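A quick write-up on the structure given underneath.
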Amino acid sequence: MHYTGTIWRPPYEAASLLLEVTAGCTHHRCKFCTLYADLPFPFRMSRMEEIEADLKEAQRTYRSFGGRRITRTFLTGANPFVLKYERLMGIAELVHSYFPETETIGCFARVTDITLKSDEELAALGGAGYDGLTIGMETADDAALRFMDKGYLSEDILKQCERLDRAGIRYSFFYLTGISGAGRGESGARATAAVCNKLHPTLIGVNMLTVYPDSKLYGEIRQGNWKEESETEKYREVRALAEGLEIPTEFAALGASNAFRLYGVLPKDRAALISAIDRIIGTVKEEDLRKYRRNLPHL
64 MHYTGTIWRP PYEAASLLLE VTAGCTHHRC KFCTLYADLP FPFRMSRMEE IEADLKEAQR
124 TYRSFGGRRI TRTFLTGANP FVLKYERLMG IAELVHSYFP ETETIGCFAR VTDITLKSDE
184 ELAALGGAGY DGLTIGMETA DDAALRFMDK GYLSEDILKQ CERLDRAGIR YSFFYLTGIS
244 GAGRGESGAR ATAAVCNKLH PTLIGVNMLT VYPDSKLYGE IRQGNWKEES ETEKYREVRA
304 LAEGLEIPTE FAALGASNAF RLYGVLPKDR AALISAIDRI IGTVKEEDLR KYRRNLPHL
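Right, here's the structure in full:
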């Protein structure tokens with residue numbers, strides 16, 4: 064298989080076929096991100112010949128293990144949804160050709176990737192199996208989005224994800240706890256909940272900001288331009304998000320950046336989630352939470 068660098072995928076894509084169609088990120092400017100630092104280039108598209116060769120290899124491999132059915136394929140790279148409509152449709156055609164049982168095709172997507180497709184193209188992509196995108200919205204706090212150089216604002220999240228809703232393409236959000244900075248976490252969480260409440264994400268996945276020395280954000284902190292939240296404040300922020308969400312959705316903090324794993328379905332599990340978060344805030348020392356953060360080698 065043509066895998067380049069570290070392959071990142073959401074926890075819920077563990078059973079999916081991982082197919083590389085891009086490597087790296089087209090934006091490559093978020094101040095907190097170090098996920099693709101091991102690549103010798105910012106972004107690269109895989110050749111269609113490589114993609115087909117990987118599908119052939121995967122087909123042989125799965126047949127040798129008793130013919131396991133592959134019902135979902137996850138396209139790897141930071142934002143494969145940036146690819147042109149025609150290329151995405153060509154990839155879908157290949158996937159369905161080698162794995163006819165495929166039901167859905169997912170990938171990471173930036174909010175700005177959606178703007179590149181017309182409403183008609185989004186509907187056709189949904190018809191070709193594209194469903195269950197994972198969007199790193201991070202926050203709907205516009206000040207934080209500007210400072211971190213995300214390349215979009217909360218109004219863009221709302222507008223573009225409404226288009227996905229109309230096209231029938233489901234999506235999940237990644238929320239980055241701590242992105243608003245010290246003293247602003249809870250207000251950032253409330254702003255995010257207000258935007259999410261107008262949309263239909265199937266899952267909101269909570270990750271916690273971990274600042275690494277090779278990030279641009281580390282330099283901003285050293286220069287006194289930004290101050291990190293305490294770990295306890297991050298959990299108060301997660302609490303505010305869970306409390307503010309009024310839509311039916313899954314709420315999950317399952318990645319390695321979270322010292323404690325949380326999962327529930329809103330609204331029915333809200334009380335249990337908030338109770339679990341309150342126990343963390345009330346019983347776990349800040350220093351113990353900071354120790355976990357310091358000893359986290361990567362996400």
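Heads up: the sequence shown begins at 64 in our numbering, then just goes up one per residue. Don't be surprised by glycine CBs; every beta carbon is placed ideally from N, CA and C. Quantities reported herein were computed from a predicted structural model and do not represent experimental measurements.
{"Check": "Kindly identify the DSSP beta-bridge partner or partners of residue 201.", "Outcome": "238"}
{"Check": "Residue 157 lies in the alpha helix (DSSP H); which residues open and close that run?", "Outcome": "148-161"}
{"Check": "Tell me the DSSP secondary structure of residue 339 in three-state form.", "Outcome": "helix"}
{"Check": "Using a threshold of 7 Å, state whether the C-beta atoms of residue 343 and residue 298 are closer than that.", "Outcome": "yes"}
{"Check": "In terms of alpha-carbon separation, which member of 187, 262, 108 and 206 lies closest to residue 222?", "Outcome": "262"}
{"Check": "For residue 337, would you say it is in contact with chain D, using Cβ-to-Cβ distances shorter than 7 Å as the test?", "Outcome": "In the structure shown, chain D cannot be found, because there is only a single protein chain."}
{"Check": "Select from 118, 331, 204 and 172 the residue whose C-alpha is nearest the C-alpha of residue 163.", "Outcome": "118"}
{"Check": "Locate the alpha helix (DSSP H) running through residue 359, then write down its first and last residues.", "Outcome": "Where residue 359 is concerned, there is no enclosing alpha helix (DSSP H), given that its DSSP letter is neither H nor E."}
{"Check": "Between 156, 85, 244 and 265, which has its C-alpha nearest residue 139's C-alpha?", "Outcome": "85"}
{"Check": "Checking 7 Å against the spacing of the C-beta atoms, do residue 144 and residue 172 come in under that value?", "Outcome": "yes"}
{"Check": "Exposed or buried, residue 197, counting other C-beta atoms within 10 Å across all chains shown (16 or more means buried)?", "Outcome": "buried"}
{"Check": "State the DSSP-derived secondary structure class of residue 78, mapped to helix, strand or coil.", "Outcome": "coil"}
{"Check": "Report back the beta-carbon spacing between residue 234 and residue 264 to the nearest angstrom; my notes put them in contact at under 8 Å.", "Outcome": "6 Å"}
{"Check": "Work out the CA separation of residue 325 and residue 151 for me, nearest whole Å.", "Outcome": "34 Å"}
{"Check": "Rounded to whole angstroms, what's the CA-CA distance from residue 292 to residue 349? Just pull it up for me.", "Outcome": "11 Å"}
{"Check": "Express the C-alpha separation of residue 288 and residue 174 in angstroms, rounding to a whole number.", "Outcome": "26 Å"}
{"Check": "Considering only the alpha carbon of each residue, which of 68, 134, 112 and 71 lies closest to residue 78?", "Outcome": "134"}
{"Check": "With burial defined as no fewer than 16 other Cβ atoms inside 10 Å of the residue's Cβ, what is the status of residue 69: buried or exposed?", "Outcome": "exposed"}
{"Check": "Just reading off the beta strand (DSSP E) that residue 168 is part of, what are its end residues?", "Outcome": "167-172"}
{"Check": "At which residues does the beta strand (DSSP E) containing residue 245 begin and terminate?", "Outcome": "Element bounds for residue 245: n/a, residue is neither H nor E."}
{"Check": "State the DSSP-derived secondary structure class of residue 267, mapped to helix, strand or coil.", "Outcome": "strand"}
{"Check": "If you reduce the DSSP assignment to three classes, tell me which class residue 87 lands in.", "Outcome": "strand"}
{"Check": "Leaving aside the five residues before and after residue 158 along the sequence, list all residues of the same chain whose C-beta is less than 8 Å from its C-beta, in chain order.", "Outcome": "82, 118, 136, 165, 168 and 192"}
{"Check": "Taking 7 Å as the threshold (C-beta atoms), are residue 248 and residue 296 in contact?", "Outcome": "yes"}
{"Check": "Taking 6 Å as the limit between beta carbons, can you name the residues of its chain near residue 199, skipping five residues before and five after?", "Outcome": "237"}
{"Check": "Could you tell me which of 184, 112 and 121 sits nearest to residue 149, measuring between CA atoms?", "Outcome": "184"}
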